[in-house]
Each structure stands twice: as structure tokens, then as C-alpha cells.
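Asker: Could you have a look at this structure, given as C-alpha cells, before my questions?
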Ligand code: GLY
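In the working numbering, the protein residues as written are 4 to 359.
Right, dumping it as C-alpha cells:
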């Protein structure tokens with residue numbers, strides 16, 4: 004390395020410099036059309052087996068893909084046994100369940116989202132209303148909750164007895180210096196609690212070649228009140244371009260935000276990557292970024308194994324029906340996502356960026 008500053012012209016090279024002076028084309032280049040599949044296809048995270056089945060059933064009946072995805076994830080939002088989404092989701096550090104969700108409609112290139120919404124079981128449906136009934140994309144906090152209640156969503160306590168018990172135990176484990184104690188004989192430490200990111204994403208393609216998607220979550224367990232993850236942020240926890248494909252993320256939201264992950268997956272597919280290649284590309288990009296963060300957040304990087312210390316997954320569905328997924332960490336060959344097509348709903352194993 005010479006240490007000499009590089010000029011902008013030198014960095015871009017002759018072609019790049021020429022591009023800077025070229026007039027902006029009147030309209031963007033038309034993407035070559037992908038053929039449409041014969042039947043709807045839906046892809047989701049591993050907790051989405053019922054979701055993909057429902058989404059495909061609805062899309063086959065003519066329901067638009069974005070609504071099919073939203074109705075599919077509604078099953079998991081209402082399930083008290085999934086502690087990372089909707090009703091039964093783990094609360095923030097004050098014991099309050101705050102949900103994030105977003106949806107995106109390919110044909111109209113429109114989106115809606117809510118963040119830190121409380122006391123509403125189906126935030127993805129509220130996101131759909133934001134998309135369809137307002138000129139905005141994202142509503143947050145009290146405004147989002149009021150918007151939902153104004154539109155008739157029932158006011159519901161989302162903290163189940165199970166989630167409350169987990170939260171109380173987590174709180175007692177935080178410090179030996181505070182006044183909270185674990186039940187006698189069941190002392191825990193902070194290390195006993197893995198922070199959950201959870202989440203469900205679903206992308207749907209119908210037989211007209213139209214796309215839609217949504218992502219919904221209770222976010223990072225025991226988060227600081229007001230924390231917003233990637234799920235309600237367009238381009239981070241989900242993205243869809245009706246000319247190319249749809250993508251979404253689950254796992255550590257901060258990494259999906261800092262990489263613009265779902266947008267980048269779609270753009271990699273536009274450039275020619277298969278869905279799986281696109282997901283892997285973004286995970287490796289995230290790993291590079293984390294190495295730059297480790298000086299101030301060492302817990303994010305596993306120095307011994309030279310890889311990120313957290314999990315993150317991407318799911319991608321191309322306009323022609325090709326689908327794929329990749330996860331940061333895990334055992335190769337084990338199921339990591341769900342899909343439904345003409346062969347029915349099933350679990351499949353995606354690629355692993357840094358296999359165990
Ligand atoms: N991916 C969900 C979250 O980080 O909130």
C-alpha cells in the first residue's frame with residue numbers, strides 16, 4: 004500500500020469516470036421477463052409450514068400475493084406457542100410486547116409497515132391497511148396502535164403466562180446486585196438466556212408472475228423499549244420488486260438493517276444470482292461488515308471460528324419460481340426454511356454460509 008490518497012477518478016477507473024459524465028438514461032433498462040410458474044409458490048422461515056400452505060391456497064383462489072402472505076403469517080401471529088411472533092411473543096425489558104411488521108405488494112410497488120405497535124395481535128394486517136389506506140409507509144408506537152384500534156382491530160393483551168414467566172426469570176437473572184431473585188433452587192444467570200430474534204417472513208408468487216411478501220415479529224426478546232428491528236423496514240427485513248423477485252430476513256435485525264439485506268438479495272437476483280447465491284452473497288457481506296464492528300462490539304464476532312457469532316437467514320423467491328435460502332450458522336443438511344408449490348408444503352435445507 005502506498006498510503007497515497009486515491010483520486011475519485013482513479014478509484015472508479017476510466018469506465019466509472021465515463022459513467023459519471025454520461026447522461027442519465029430517460030428510463031431504466033427493462034429487465035428481461037422471467038416466465039411465470041404454473042402454480043403459486045410461497046417460501047417462509049422454518050416456523051412457516053402452515054403459513055406457506057395457507058398462502059398458496061389463497062393465491063390459487065386469486066387472492067393477491069401480498070394478502071396471501073399476510074393471511075398465511077396470521078396463523079403464526081395468533082399462535083401462543085411461537086414466542087417470537089405476535090400473541091405469545093417475548094416482551095421488551097419492561098414486560099411489554101411490542102410488535103413490528105411490514106408488507107410489500109409487487110404489482111403496485113407499494114408497502115406498509117408498523118413498528119413498536121402494542122396490544123394488536125395481527126400487526127401484518129395493520130401494515131396492509133397502512134399500505135392500502137394511507138399515503139404513508141411506516142407508522143410507529145402509539146400512533147400505529149391507535150390507527151389499528153380506529154380500524155377495528157381488537158385491543159388485546161399479548162403477554163401469555165408462558166412469555167411472562169420467561170420474562171420474569173430473565174429479569175431475575177440480569178444481575179446479582181439488584182433486588183430480583185430467581186425461584187429458590189432455580190437460580191439462573193444471564194448466560195442461560197439466549198436472546199431470541201425469531202420472526203416469520205413469507206414471500207408469495209402467483210401464476211401471473213406477481214409477487215408480494217410480509218415479515219412480522221415480536222423482535223429481539225427483552226429489547227430496550229422502542230427498539231425497532233429490520234422486520235418493518237423496507238429493504239431490510241423484506242423487499243420485493245415485481246420484475247425480479249422477493250426476499251426477506253429473520254435473525255439479528257441490526258445486521259439486516261446495516262447491510263440493507265433484503266434489498267441487496269433482490270438486486271443480486273436482478274444481476275443474475277440464483278436466489279440461494281444471492282442470500283449467501285449478502286450473508287458474506289454481513290460477515291465482512293461485522294469484522295469492522297468487532298472493535299466496539301466484540302460479542303458479535305467469533306474470533307476462534309472466524310465467523311459472526313449470531314444467526315441471520317435470508318429467503319428469496321425469483322419471479323420465475325426459483326427459490327432458495329441461506330443461513331449464517333448451522334448444520335448443513337438440516338431444514339432451515341419452508342416452501343409450498345405444486346408438490347405441497349414442506350421443509351427444506353438451505354445453504355449455510357459458515358457451517359459448523
Ligand atoms: N429480525 C427480527 C428482529 O431483529 O427484530
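Ideal Cβ placement from N, Cα and C applies to all residues, glycine included.
Less than 8 Å between the CB of residue 255 and some heavy atom of ligand 3, yes or no?
Answerer: For the structure depicted, ligand 3 is absent and the ligand set comprises only ligand 1.
Asker: In terms of residue numbering, what span does the alpha helix (DSSP H) encompassing residue 234 cover?
Answerer: Sequence index remark: in the chain shown, residue 234 carries index 231 (1-based). Judged by DSSP secondary structure, residue 234 falls outside any alpha helix (DSSP H); it is assigned neither H nor E.
Asker: Just how far apart, CA to CA, sit residue 312 and residue 261?
Answerer: Counted from its first residue, the chain shown places residue 312 at position 309. Counted from its first residue, the chain shown places residue 261 at position 258. Looking at the two C-alpha atoms, the distance is approximately 16 Å.
Asker: Of all the beta strand (DSSP E) runs that stay within the bounds of the stretch 289–353, which reach a length of 3 or more residues?
Answerer: 315–321, 326–333, 340–344 and 347–351
Asker: Could you round the C-beta distance between residue 356 and residue 286 to whole angstroms and report it? I think they count as a contact, below 8 Å.
Answerer: One-based indexing of the chain shown puts residue 356 at position 353. One-based indexing of the chain shown puts residue 286 at position 283. Their Cβ separation, rounded to whole angstroms, is 4 Å, which keeps residue 356 and residue 286 in contact under 8 Å.
Asker: Go to residue 52, then tell me how far its alpha helix (DSSP H) extends in each direction, as first and last residue.
Answerer: Stepping through the chain shown from its first residue, residue 52 is reached at position 49. Segment 52–63, the alpha helix (DSSP H) holding residue 52.
Asker: One question on the structure: do residue 306 and residue 297 come within less than 9 Å of each other, judged by their Cβ atoms?
Answerer: Residue 306 sits at position 303 when you count from the first residue of the chain shown. Residue 297 sits at position 294 when you count from the first residue of the chain shown. Their beta carbons are under 9 Å apart, which means residue 306 touches residue 297 by this criterion.
Asker: What do you reckon, is the C-beta of residue 318 under 8 Å from a heavy atom of ligand 1?
Answerer: To locate residue 318, count along the chain shown from 1; it is residue 315. Result no, Cβ not under 8 Å from ligand 1.
Asker: The beta strand (DSSP E) with residue 210 in it runs from where to where?
Answerer: Along the chain shown, one-based indexing puts residue 210 at 207. Taken as a continuous stretch (DSSP letters only), residue 210 belongs to no beta strand (DSSP E), as it is neither H nor E.
Asker: Going by the C-beta, is residue 161 closer than 8 Å to any heavy atom of ligand 1?
Answerer: For the purposes of this step, residue 161 is taken as the residue at position 158 of the chain shown. No, since every heavy atom of ligand 1 falls outside the 8 Å radius drawn around the Cβ of residue 161.
Asker: With respect to the alpha helix (DSSP H) encompassing residue 365, which residues constitute its N-terminal and C-terminal limits?
Answerer: Nothing can be reported for residue 365: it is not among the residues displayed for the chain, which extend from 4 to 359.
Asker: In its own chain, which residues sit with a C-beta less than 6 Å from the C-beta of residue 132, not counting the 5 before and 5 after it?
Answerer: Residue 132 sits at position 129 when you count from the first residue of the chain shown. Counting only Cβ-Cβ distances below 6 Å, and skipping sequence neighbours, we find 154.
Asker: Using a threshold of 8 Å, is the CB atom of residue 223 nearer than that to any non-hydrogen atom of ligand 1?
Answerer: Within the chain shown, residue 223 is the residue found at index 220, counting from 1. Checking the Cβ of residue 223 against ligand 1 gives yes.
Asker: DSSP three-state call for residue 176: helix, strand or coil?
Answerer: Within the chain shown, the letter at position 173 stands for residue 176. Helix.
Asker: Quick one, which of 170, 171 and 190 has its alpha-carbon nearest residue 179's?
Answerer: In the chain shown, the residue the question calls residue 179 occupies position 176. Residue 179 has its Cα closest to that of 190, out of 170, 171 and 190.
Asker: Starting from residue 127, trace the alpha helix (DSSP H) both ways and give me its first and last residue.
Answerer: Stepping through the chain shown from its first residue, residue 127 is reached at position 124. Unbroken alpha helix (DSSP H) run through residue 127: 126–136.
Asker: Based on the DSSP secondary-structure assignment, which residues constitute the bridge partners of residue 249?
Answerer: Sequence index remark: in the chain shown, residue 249 carries index 246 (1-based). Per DSSP, the beta bridge partners of residue 249 are 243 and 320.
Asker: Cβ-heavy atom distance between residue 116 and ligand 1 below 8 Å?
Answerer: Start at 1 with the first residue of the chain shown, and residue 116 comes out as number 113. Not under cutoff, so the answer is no.
Asker: Here's a check: name, in chain order, each residue in its chain whose Cβ is nearer than 6 Å to the Cβ of residue 344, leaving out the five neighbours to either side.
Answerer: Against the chain shown, residue 344 aligns to sequence position 341. Closer than 6 Å at Cβ, skipping near neighbours: 44.
Asker: Taking the Cβ atom as the reference point for each residue, do residue 321 and residue 278 lie within a distance shorter than 9 Å?
Answerer: For the purposes of this step, residue 321 is taken as residue 318 along the chain shown, with counting starting at 1. For the purposes of this step, residue 278 is taken as residue 275 along the chain shown, with counting starting at 1. Their beta carbons are under 9 Å apart, which means residue 321 touches residue 278 by this criterion.
Asker: Ordered along the chain, which non-local residues of its own chain (more than five positions away) have a Cβ less than 8 Å from that of residue 213?
Answerer: Numbered from 1 along the chain shown, position 210 holds the residue referred to as residue 213. Answer for residue 213: 67, 68, 109, 110 and 245, listed in chain order.
Asker: Given residue 228, which residues of its chain have a CB within under 6 Å of its CB, disregarding the five upstream and five downstream residues?
Answerer: Working through the chain shown from its first residue, we reach residue 228 at position 225. Answer for residue 228: 95 and 97, listed in chain order.
Asker: Please determine, among 337, 316 and 231, the residue with the shortest C-alpha to C-alpha distance to residue 252.
Answerer: One-based indexing of the chain shown puts residue 252 at position 249. Measuring from the Cα of residue 252, the nearest candidate turns out to be 316.
Asker: Flag residue 242 as yes when its Cβ comes closer than 8 Å to any non-hydrogen atom of ligand 1, and as no otherwise.
Answerer: For the purposes of this step, residue 242 is taken as residue 239 along the chain shown, with counting starting at 1. Not under cutoff, so the answer is no.
Asker: Answer yes if the stretch 234–250 comes into contact with the stretch 318–336, meaning at least three C-beta pairs across the two stretches below 8 Å, and no otherwise.
Answerer: yes
Asker: Would you check if there are 3 or more beta carbon pairs closer than 8 Å linking the stretch 70–83 to the stretch 194–211?
Answerer: yes
Asker: With DSSP run on the structure shown, which of helix, strand or coil describes residue 153?
Answerer: Within the chain shown, residue 153 is the residue found at index 150, counting from 1. Residue state, collapsed to three classes: helix.
Asker: For residue 353 and residue 182, I'd like the C-alpha separation in whole angstroms.
Answerer: On the chain shown, residue 353 is found 350 positions in, with the first residue counted as 1. On the chain shown, residue 182 is found 179 positions in, with the first residue counted as 1. Approximately 45 Å between the Cα atoms of the pair.
Asker: So the candidates are 53, 301, 83 and 351; which of them puts its Cα closest to the Cα of residue 164?
Answerer: Numbered from its first residue, the chain shown carries residue 164 at position 161. The candidate whose alpha carbon is nearest that of residue 164 is 83.
Asker: Taking 8 Å as the limit between beta carbons, can you name the residues of its chain near residue 283, skipping five residues before and five after?
Answerer: Along the chain shown, one-based indexing puts residue 283 at 280. Same-chain partners within the cutoff: 329, 354 and 356.
Asker: Is the beta carbon of residue 235 sitting closer than 9 Å to the one on residue 58?
Answerer: Position 232 of the chain shown, counted from the first residue, corresponds to residue 235. Position 55 of the chain shown, counted from the first residue, corresponds to residue 58. Cβ atoms of residue 235 and residue 58: not closer than 9 Å.
Asker: Which residues does DSSP pair with residue 117 in a beta bridge?
Answerer: Looking up residue 117 in the chain shown gives position 114. The partner list for residue 117 (beta bridge, DSSP) reads 104 and 142.
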